[in-house]
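Chemist:
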Amino acid sequence: MSKGVLLFANNNSQVDYIKQACFLAKQIKKHLKVPVSLVTSDRKRVTDFYPYELFDKIIEQRSKNKFSKRYNDGALSHKKLEFNNDLRPLAYQLTPYETTLILDTDYIICNDLFKGVFNTTKDILLYKDSTDITLHRKFTEFKRISDTSIDFYWATCVVFKKTEFTKMFFELIEHIRQEWNHYANLYQLNTRIYRNDYSFSIAVDMLKSEKIGLMPGTMLYSTDKDVLFKMEDDTLKFLVEKKDRLGQYTAVYTHKQNVHVMNKFSLNRMIGDM
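When you line the sequence shown up against the working numbering, it's residues 2 to 275, in that order.
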């Protein structure tokens, strides 16, 4: 049975998601030793300017998103940029693998924890529980998709098999995306910008199936108001925003832990220095 990782990367004017995908592909090959395929809207750009040989397959799929959102670069800097996230619901159609691990390009693999997920007996695995890298800051937006609504599930790391159930699951997610305003009202969301985390959470809630399980361990993340300032030998070093002290930071590091690095600007800077 074929297995591999599927990444989605569409650059905007400031964030180089393809560069992130290339770095992540290296980390995946180092720790998980499985093939990696890339979904992008500009295959020629990848083959002209990036080490495309890192990818098993490059799959061209045009994004139709027109959203923009705020991107923070630490506590004191931000930009409003185009946000292309509408291709994730097509993962079932696009993947070349029988068992697929979807990863966000800003999720940094630093160990082999995910080696076993390809042998899961479940049809789908997602993260529900998550922890900030300081282990003490609490962010309620990652517990429920709204104050009065359902549990939050991450679309950052998702494993799925090619089954009839997962086909239905992804068709439901695409339906939710197409009817986003309706579901945003129904689930009392405070944003009209489509988010994969929310649509996956809604699909899990609607189906309530034992065929859906949890990813191993806990999702570890740093926010976009933190700054990644060094990466070396699977050690990540961050400047973490102090609570209620705007623009003040304390240093935190992780070693051989997978981390979702939400500050994409600082991640790109560190990749560029390597």
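Think of the CB as a built atom: it goes at the ideal place given N, C-alpha and C, for glycine as much as any other residue.
Since the structure is predicted, the reported quantities are computational estimates derived from the model, not experimental observations.
Can you tell me where the alpha helix (DSSP H) with residue 2 in it begins and where it stops?
Modeler: Looking at the DSSP string, residue 2 is not in any alpha helix (DSSP H), and its letter there is neither H nor E.
Chemist: Please determine, among 34, 58, 19 and 105, the residue with the shortest C-alpha to C-alpha distance to residue 222.
Modeler: 105
Chemist: Go ahead and pull the three-state DSSP assignment for residue 209.
Modeler: coil
Chemist: Smallest Cα separation from residue 258: which of 63, 72 and 111?
Modeler: 111
Chemist: State yes or no: is the beta carbon of residue 117 nearer than 8 Å to at least one beta carbon in chain B?
Modeler: Absent from the structure: chain B. Only one protein chain is present.
Chemist: Among the residues of its own chain, which have a CB less than 7 Å from the CB of residue 227, if the five just before and after it don't count?
Modeler: 239, 240, 241, 242 and 264
Chemist: Can you check DSSP and say which residues form a bridge with residue 256?
Modeler: In the DSSP output, where bridge partners are listed per residue, residue 256 has 236.
Chemist: Do the stretch 8-17 and the stretch 68-86 touch if we need at least three Cβ pairs shorter than 8 Å?
Modeler: yes
Chemist: Three or more C-beta pairs closer than 8 Å, one from the stretch 195-214 and one from the stretch 116-134: is that the case here?
Modeler: yes
Chemist: Run through the DSSP bridge pairs and tell me what residue 25 is partnered with.
Modeler: Paired residues: none, contrary to the question.
Chemist: Would you list the residues sitting across from residue 181 in a DSSP beta bridge?
Modeler: The partner list for residue 181 (beta bridge, DSSP) is empty, contrary to what the question assumes.
Chemist: Out of 161, 29 and 46, state which residue places its alpha-carbon closest to the alpha-carbon of residue 17.
Modeler: 46
Chemist: Which term fits residue 224, buried or exposed, when burial requires 16 or more other beta carbons within 10 angstroms of its beta carbon?
Modeler: buried
Chemist: Can you tell me which residues form a DSSP beta bridge with residue 81?
Modeler: 71
Chemist: If you run the structure through DSSP and keep just helix, strand and coil, what is residue 272?
Modeler: The answer is helix: DSSP assigns residue 272 an H, G or I state.
Chemist: So, does the stretch 91-103 touch the stretch 162-171, judging by three or more C-beta pairs under 8 Å?
Modeler: yes
Chemist: For the stretch 65-85 against the stretch 47-57, do three or more pairs of beta-carbon atoms, one drawn from each stretch, fall closer than 8 Å, so that the two count as touching?
Modeler: The stretch 65-85, when compared against the stretch 47-57, does not touch it at the 8 Å Cβ threshold.
Chemist: Evaluate the contact criterion for the stretch 188-207 versus the stretch 141-159: three or more CB pairs, one atom per stretch, below 8 Å.
Modeler: yes
Chemist: According to DSSP, simplified to helix, strand and coil, what is residue 156?
Modeler: strand
Chemist: Beta carbon of residue 70, beta carbon of residue 194: below 8 Å?
Modeler: yes
Chemist: Three-state secondary structure (DSSP) at residue 220?
Modeler: strand
Chemist: Let me check one thing: in DSSP terms, what residues is residue 214 bridge-paired to?
Modeler: DSSP lists 126 as partners of residue 214.
Chemist: What first and last residue would you give for the alpha helix (DSSP H) that runs through residue 49?
Modeler: 44-50
Chemist: Sort 77, 269, 133 and 73 by Cα distance to residue 254 and report the nearest one.
Modeler: Nearest to residue 254 by alpha-carbon distance, out of 77, 269, 133 and 73, is 133.
Chemist: Quick check on DSSP: helix, strand or coil for residue 18?
Modeler: helix
Chemist: Quick one: give me the first and last residue of the beta strand (DSSP E) that residue 95 is part of.
Modeler: No beta strand (DSSP E) contains residue 95, which is instead part of the alpha helix (DSSP H) from 92-95.
Chemist: Should residue 33 and residue 116 be called a contact, given that it needs their Cβ atoms to be closer than 8 Å?
Modeler: yes
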